[in-house]
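Chains as they are written, first to last, in this note's numbering: chain A, 1393 to 1800; chain B, 1393 to 1800. All C-beta atoms in this analysis are idealised placements derived from N, C-alpha and C, irrespective of residue type, glycine included.
2 protein chains.
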Amino acid sequence: MFHQHTLPNGVTVLAELDADAHSVAAGYFVRCGRRDEPEELAGVSHFLEHMAFKGDERYSAEDMNRVFDEIGARYNAYTSHEQTVYYAAVLPEHLPVAVDLLSTLTRPVLRDEEFDLEKQVILEEIGMHEDQPGSVAYDALNEAHFAGHPLAGSILGTNESIGGLSIEAMRDYHASRYVGSNLILAVCGNAKWEEVLQLAEEHAGRAPKGETDRPLPEPHPPGAVRTIYKPENAQQTVMLAGNAPGNASPLRHAAELLSVIVGDDTGSRLFWELVDPGRCEACELSYTDFAGAGMYLTYLSCDPDRAAENVAAVRGVFDAVNERGITAEELAQAKNKVASRIVLRSERPMGRLGSLGGNWQDRGEYKTVEDDLADLRRLTVHDLRDLLTEFPLEVVTTAAVGPLETMS
Amino acid sequence: MFHQHTLPNGVTVLAELDADAHSVAAGYFVRCGRRDEPEELAGVSHFLEHMAFKGDERYSAEDMNRVFDEIGARYNAYTSHEQTVYYAAVLPEHLPVAVDLLSTLTRPVLRDEEFDLEKQVILEEIGMHEDQPGSVAYDALNEAHFAGHPLAGSILGTNESIGGLSIEAMRDYHASRYVGSNLILAVCGNAKWEEVLQLAEEHAGRAPKGETDRPLPEPHPPGAVRTIYKPENAQQTVMLAGNAPGNASPLRHAAELLSVIVGDDTGSRLFWELVDPGRCEACELSYTDFAGAGMYLTYLSCDPDRAAENVAAVRGVFDAVNERGITAEELAQAKNKVASRIVLRSERPMGRLGSLGGNWQDRGEYKTVEDDLADLRRLTVHDLRDLLTEFPLEVVTTAAVGPLETMS
């Protein structure tokens, strides 16, 4: 049963309630991510997410962990280019404490000493990130593909931006982004709407009123090749980016299905062409939809000597799909896979939460599992043909990390 | 809704069906594991699990993967000391194919060429296992603690036993263990009992009739310290074993709760005493119940210079618990944690499957989620006191891996 309400301060409250569920999941979806940061504050959204767990005037950092633990909560948080999400799953009787704690996360007190300590943690995280070829390639790809666009930067920020960040700048950023109209409180599972509303008013009602702007410029990827030379690596890591529909496009379901047909980790075109015969260790294509932009990302890891021919083979797969489309049999198999993933994910309230909050944040819409399955099942070979006409599979941007000095 | 039936060949068919579930999970629980192996065949159960995915007369290895993929199945398998489990979760309409494939896994054709290739894979797996301090310490601990007992050996086997294994010996072992009375076919989620029965008769009904013996000698841990010197490691890895109730003991629920209070990864006695103050990187106590035996296992990873004092601190925590028991507050918190885990795990058919098959295999019983929660909630401080009287927390066996040459 779906419910929606807007509090006087602008916070949206969403609920998909089911009296037969055994647990309840709650979370804040905050419209605050890497794309909202000026370059000098790069990484501040993610840093803020860490600071959230340090508590407020009532709760110390230790209290936060202890109380989440006492109620047996499974909880976590993450930051992306577009949002910061805090969530927890608990038994129904612990929902009030869970909402209290989650709400506390959205208004941390930001103590000086903890800020300095956590800054070191973030700098270490950046260091570890830079040790991983996949992370380095991903950041280089985004930077080249979205050059000059808000989606270009690394979510963690840089040593310079984080090293130079002041607590005052973080406080100002927090005050500007964690305002009513940027907050969604979503609840899924076993709860009563009256209880959800009352908890929302008590806790989410304390967020300051406010609105913020988020520009959605169209990206214009210039087409680029970035090669990062790491002679110590054994494998060559290659990432390829192409244009795809954004999160408001009606083509996004077809794009999701196409990515499974072409690049799923098993049984896809790229799997049979490159992975199964042992030409590379991994070769997958995935689809990511942002507000106002979308990207197909192909990830490839292989022996450096075979990198060039493997990239050519990926292009060959793309060309074949663009020219001849996909078969009805491929479509049917991919529908089975995607339907199974939708259903298995939706079986627990915690799995439904992401869909509830994400659909509202992206499109202001509510979709049941049945709606999602119906959207999937009605797709035809012609829909995929139309998608390919508008967004052919292409290599627009290339980023490579490993022992090759250049890649073209 | 619970159903149970025994086929003429001895296979047990179990089902917990729910017409409101969106998926269905099915699995075989095979009473065949490391404890059933003569030493010269050490690791054959696990090796067989790998060979299962190579198919039979109808299906090649490629077919197996392809068909699981086509129906969008999430599937896997594992081998323990006591059992081998094969399972899959699918949308309800794909149950017939899933049961067909799972049943195929229980009667692989065992082709020579694939046997030789897979043997190399297993030997590589043993090599990787030996690179991991935790795995080395765990195997050394079991070997010392269960000396002379069927639970002593490593599940993977050894280079010698696997290297010397013949396909004929594997065939004989398979023929002796994969017989009707050792097989449980369990189904959870959205299906009809008539359909389950019919699929079971068609596919599980083909298993050969047969019975096998499994001796359950009582272990008599001699008390031992094993130190494996690895000067190249930065950290000292220490594992401590103590006696605990077996899987038929009515004390097992109390033992599970005690392990959470004393050694959960957050908020436990060991956490506050050793991990939170930074004395070690990790310190956790877990409880494992076997048929006819049980073990508390404490895992500790720390700077080698602090290993001795940390082990002394663990003993101090054990002594305090043995002498003064645990508090009502600790009990209440641990019940919240365990209840939350039981419920969150049970929300999907795939999560219920392990409980359904395991309870039947271990004790021939069926327990609903509500039964499990009721068993948990009725435990008192006195029950934990009784448990500690019969099974005090002790360090019986020690295994250490790292830069220390000796540990006492």
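Legend entry - Bridge-paired residues (DSSP) for D1681/B: G1686/B
Legend entry - Proximity below 8 Å, CB of T1789/B to CB of M1799/B: no
Inset, instruction - Could you tell me whether the Cβ atoms of R1361/B and S1437/B are closer together than 8 Å? - result: Any answer about residue 1361/B is impossible in this case: the structure gives chain B only from 1393 up to 1800.
Inset, instruction - Return the residues of the segment 1528-1544 of chain A that lie within a Cβ-Cβ distance of less than 7 Å from chain B, sorted by chain order. - result: none
Legend entry - 7 Å Cβ cut-off: residues of chain B touching E1462/A: Q1725, N1728
Legend entry - Selected residue, minimal CA-CA separation from S1747/A, among H1397/A, P1430/A, Y1479/A: Y1479/A
Inset, instruction - Report the rounded CA-to-CA distance for A1469/B versus L1497/B, giving the unit in angstroms. - result: 10 Å
Inset, instruction - Starting from the N-terminal side, write out each stretch of the beta strand (DSSP E) that is 3 residues or longer and does not extend beyond the segment 1644-1718 of chain B. - result: 1674-1682, 1685-1694
Legend entry - At least three beta-carbon pairs within less than 8 Å, the segment 1687-1699 of chain B to the segment 1618-1630 of chain B: yes
Legend entry - Cut-off 6 Å between Cβ atoms - residues of its own chain near E1648/A, not counting five sequence neighbours on either side: Y1679
Legend entry - Exposure label - T1604/B; buried when at least 16 CB within 10 Å: exposed
Inset, instruction - Would you please verify whether the beta carbon of V1513/B is less than 8 Å from any beta carbon of chain A? - result: no
Inset, instruction - Excluding the 5 residues preceding and the 5 following E1610/B in the sequence, name in chain order all residues of the same chain whose CB lies nearer than 8 Å to its CB. - result: G1684, A1685
Legend entry - Sequence-distant residues of its chain with Cβ nearer than 8 Å to L1548/B (five each side left out): G1435, H1438, I1514, E1517, I1518, H1521, I1554
Legend entry - Own chain partners of T1772/B with C-beta closer than 8 Å, once the 5 adjacent residues on each side are dropped: L1723
Inset, instruction - Would you mind telling me which residues of chain B sit closer than 8 Å to V1482/A, beta carbon to beta carbon, in chain order? - result: S1732
Legend entry - Short CB-CB distance (under 8 Å) between H1645/A and chain B: no
Legend entry - Cβ neighbours of V1482/A in the same chain (closer than 7 Å, five flanking residues each side left out): S1415, V1416, I1463, G1464, A1465, A1490
Inset, instruction - Spell out whether any CB of chain A is found under 8 Å from the CB atom of N1714/B. - result: no
Legend entry - Interface partners of N1457/A on chain E, CB under 8 Å: Within the model displayed, chain E is absent; protein chains A and B are what it includes.
Inset, instruction - Scan the segment 1735-1748 of chain A for residues whose Cβ lies nearer than 9 Å to a Cβ of chain B and list them as they occur along the chain. - result: V1735, L1736, S1738, E1739, R1740, P1741, M1742, G1743
Legend entry - Assumed close pair K1446/B, R1503/B - CB separation to whole angstroms, cut-off 8 Å: 7 Å
Legend entry - Partners in chain A for V1761/B, counting only beta-carbon separations shorter than 9 Å: H1414
Legend entry - DSSP state of N1574/B mapped onto helix, strand, coil: helix
Inset, instruction - Give the residues from the segment 1466-1490 of chain B that approach chain A closer than 8 Å (Cβ to any Cβ), ordered along the chain. - result: R1466, A1481, V1482, L1483, H1486
Inset, instruction - May I ask you to list the residues that DSSP assigns as paired with T1629/B? - result: S1693/B, V1793/B
Inset, instruction - Assign T1690/A to one of two classes, buried (16 or more other C-beta atoms within 10 Å of its C-beta) or exposed (fewer than that). - result: buried
Inset, instruction - Out of A1592/A, A1539/A, M1687/A, point me to the one whose CA is closest to I1576/A's CA. - result: A1592/A
Legend entry - Selection from R1769/A, A1529/A, T1398/A that minimises the alpha carbon distance to G1794/A: A1529/A
Legend entry - Residues near Q1475/B in its chain [Cβ-Cβ closer than 8 Å; skip 5 each side]: F1421, V1422, R1423, C1424, G1425, Q1753
Legend entry - Proximity of L1543/A and H1473/A at Cβ, strictly below 8 Å: yes
Legend entry - Whole-angstrom distance between P1430/B and L1745/A, CA atom to CA atom: 50 Å
Inset, instruction - Identify the continuous beta strand (DSSP E) that holds R1769/A and give its terminal residues. - result: Careful: R1769/A lies outside any beta strand (DSSP E), inside the alpha helix (DSSP H) at 1761-1769.
Legend entry - CB contact flag (D1727/B, L1768/B, <8 Å): What sits at residue 1727/B in the sequence shown is Lys, not Asp. A contact, by the Cβ cut-off of 8 Å.
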